[in-house]
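Below is one structure, written out as structure tokens; the observations come after it.
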Ligand SMILES: [Zn+2]
């Protein structure tokens, strides 16, 4: 599906197949939250972000309403994706909200801000995907982290 951030017109493209895969990975940890990194690439004009893959963390801590991933082993996998043709890079984070709406919590907002400011990432405006999940269905929502705020892709 193709989404647009109305705030600035930036587009995001993602295959349903990937979302299905993230949903399944998330449900293996239901009713706790789970998540990982989003991998992809940008168009030459930087206007469209293609979300194509994920890296799942080896270490993490989670509960029904929190998720914090570790960093172990992620660098090696990021290098492997970067050596792909075309190179695939880190574009953001995703996690599930079990039995809940895909709206960012205060913790989510803070976490994205910290990632923009402190993590050694290749992009300044990481994307956050929250997937509201239950046993029947899932609802994904993408957000762009920009100047300390999260803007929804619709
Ligand atoms: Zn959250």
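Residue numbers (my numbering): 145 to 298. All C-beta atoms in this analysis are idealised placements derived from N, C-alpha and C, irrespective of residue type, glycine included.
Own chain residues within Cβ distance below 6 Å of residue 205, not counting five before or after: Indexing the chain shown from 1 puts residue 205 at position 61. Correct list, in chain order: 212.
Is the beta carbon of residue 154 less than 7 Å from the beta carbon of residue 286? As a first step, residue 154 must be located in the chain shown, where it is residue number 10. As a first step, residue 286 must be located in the chain shown, where it is residue number 142. Against a cut-off of 7 Å, the Cβ pair of residue 286 and residue 154 comes out as no contact.
Beta-carbon within less than 7 Å of residue 158's beta-carbon, same chain only, minus the 5 sequence neighbours each way: which residues are those? Taking the first residue of the chain shown as 1, we reach residue 158 at position 14. Cβ neighbours of residue 158 beyond the five flanking positions: 145, 195.
Around ligand 1, what residues have a beta-carbon under 7 Å from a heavy atom of it, in chain order? 177, 211, 239, 241, 248, 249, 251, 252, 274
So the candidates are 219, 208, 256; which of them puts its Cα closest to the Cα of residue 288? Residue numbering aside, residue 288 sits at position 144 when the chain shown is read from its first letter. Nearest option by C-alpha distance: 256.
6 Å Cβ shell around residue 296 - same chain, five flanking residues per side excluded: Position 152 of the chain shown, counted from the first residue, corresponds to residue 296. 287, listed in sequence order.
Where does residue 285 sit, in a helix, a strand or coil, going by DSSP? For the purposes of this step, residue 285 is identified with residue 141 of the chain shown, where counting begins at 1. It is a strand residue.
Do residue 282 and residue 167 count as a contact pair if the criterion is CB distance below 7 Å? By one-based count along the chain shown, residue 167 stands at place 23. By one-based count along the chain shown, residue 282 stands at place 138. Yes, these two residues count as a Cβ contact at 7 Å.
Give every residue of the same chain whose Cβ lies closer than 7 Å to the Cβ of residue 243, excluding the five residues on either side of it in the sequence, and list them in chain order. Here residue 243 refers to the residue found at position 99 of the chain shown. 175, 278, listed in sequence order.
Quick one: Cα of residue 228 to Cα of residue 201, how far? On the chain shown, position 84 is the one that residue 228 refers to. On the chain shown, position 57 is the one that residue 201 refers to. Rounded to whole angstroms, residue 228 to residue 201 spans 20 Å at the Cα level.
Taking C-beta to C-beta, are residue 235 and residue 182 nearer than 7 Å? By one-based count along the chain shown, residue 235 stands at place 91. By one-based count along the chain shown, residue 182 stands at place 38. The answer is yes: Cβ separation under 7 Å.
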